[in-house]
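Residue numbers (the working numbering), protein chains in the order written: chain A, 1 to 112; chain B, 1001 to 1110. Reviewing the structure listed below.
Right, dumping it as structure tokens:
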């Protein structure tokens, strides 16, 4: 039982490049989330999903897109990376609304 | 809207000292409250939770009580260890989203 996994662990992009972060969970959770963590700012919600085929905007969605084609996977895309998107990105999942979240190990992204 | 405020860090303690990390919240309705812990280089993991007023969550010697009258959920531990050094996040869940505090970094010296 791997829980929540994220790939890649590290990535360096140049401004304007694109990339996709992959999150996978094996707990059959309905809800999945993408957060970014920046020093002194806690976690900020980028996008979330309440089930397969659904997505919704969080607190800081600009510059990101997401897809949930399969229940176990939640993809985060950056179409044109900017230095302001340098951050650590965490994926999480939960069984239902209001319940505890299970986090992946994070992806450290640097945009130069 | 909902919000969480927790004490700023870092907090530096000697081993076996008593720990308190303050957390207060603003919310409509009856949210669930959580403490998560993040060790270096890892994701957050649940430490404890409480789902209704006067509930006490506990785990690994840590405790927190859901106080609706003071809108607080302070984290306590009677005797900290070096291995407790980490960042602690207070969180509130009401609806689809969970609101996290900014985190409090704890250093425990041997």
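Don't be surprised by glycine CBs; every beta carbon is placed ideally from N, CA and C.
Could you have a look at residue 85 of chain A and say whether DSSP puts it in helix, strand or coil?
-> Of the three classes helix, strand and coil, the one that applies to residue 85 of chain A here is helix, per DSSP.
Going by DSSP, which residues form a beta bridge with residue 14 of chain A?
-> Partner(s): none; residue 14 of chain A has no beta bridge.
For the candidate residues A:5, A:90, A:99 and A:30, whose alpha-carbon lies nearest to that of residue 69 of chain A?
-> For residue 69 of chain A, the closest alpha carbon among the candidates A:5, A:90, A:99 and A:30 is that of A:30.
Specify, as a first and last residue, the run of the beta strand (DSSP E) that residue 1100 of chain B falls within.
-> Its beta strand (DSSP E) spans residues 1097-1100.
Do you know whose CA, among A:65, A:3 and A:17, lies nearest residue 76 of chain A's CA?
-> Taking only the C-alpha atoms, the option nearest residue 76 of chain A is A:65.
Taking only runs of the beta strand (DSSP E) that begin and end inside the segment 38-106 of chain A, which ones reach a length of at least 3 residues, in chain order?
-> For the segment 38-106 of chain A, the full-length beta strand (DSSP E) segments reaching 3 residues or more read 43-49, 64-67, 73-78 and 87-94 along the chain.
Contact set between residue 1095 of chain B and chain A, taken where Cβ atoms lie within less than 9 Å | Result: 97 and 98.
Spatial neighbours of residue 108 of chain A within its chain, please: CB distance less than 6 Å, with the 5 preceding and 5 following residues excluded, ordered by chain position.
-> Cβ neighbours of residue 108 of chain A within its own chain (closer than 6 Å, five residues either side excluded): 10 and 88.
So is residue 1043 of chain B in contact with chain A if we call contact Cβ pairs under 8 Å?
-> At least one chain A Cβ lies under 8 Å of residue 1043 of chain B.
Spell out whether any CB of chain B is found under 8 Å from the CB atom of residue 50 of chain A.
-> Taking 8 Å as the CB threshold, residue 50 of chain A lines the interface with chain B.
Which two residues bound the contiguous beta strand (DSSP E) that contains residue 1091 of chain B?
-> Looking at the DSSP string, the run of the beta strand (DSSP E) that includes residue 1091 of chain B is 1086-1094.
Just mark residue 1104 of chain B as buried or exposed, buried being the case when its beta carbon has 16 or more other beta carbons within 10 Å.
-> With 16 or more Cβ atoms within 10 Å of its Cβ, residue 1104 of chain B is classed as buried.
With a threshold of 16 other CB atoms inside 10 Å of the CB of residue 1081 of chain B, please say whether the residue is buried or exposed.
-> Residue 1081 of chain B comes out exposed.
Secondary structure, alpha helix (DSSP H): runs of 4+ residues fully inside the segment 1009-1048 of chain B = Within the segment 1009-1048 of chain B, not a single complete alpha helix (DSSP H) segment reaches 4 residues in length.
How is the beta strand (DSSP E) around residue 1006 of chain B delimited, first residue to last?
-> 1003-1006 is the extent of the beta strand (DSSP E) around residue 1006 of chain B.
Does residue 8 of chain A come within less than 8 Å of chain B when only Cβ atoms are used?
-> Closer than 8 Å: no.
Presumed contact (8 Å Cβ cut-off) between residue 50 of chain A and residue 25 of chain A, rounded CB distance = Actually they do not touch by this definition, with Cβ atoms about 14 Å apart.
If you draw a straight line from the C-alpha of residue 1086 of chain B to the C-alpha of residue 1039 of chain B, how long is it?
-> When rounded, the distance between both Cα atoms is 5 Å.
Within the 8 Å Cβ cut-off, does residue 32 of chain A reach chain B?
-> With a threshold of 8 Å between beta carbons, residue 32 of chain A makes no contact with chain B.
Residue 2 of chain A to residue 103 of chain A, Cα distance in whole Å?
-> Here the alpha carbons of residue 103 of chain A and residue 2 of chain A stand approximately 11 Å from one another.
Taking just the CA atoms, how far does residue 1020 of chain B sit from residue 1055 of chain B?
-> Approximately 18 Å, taken between the alpha carbons.
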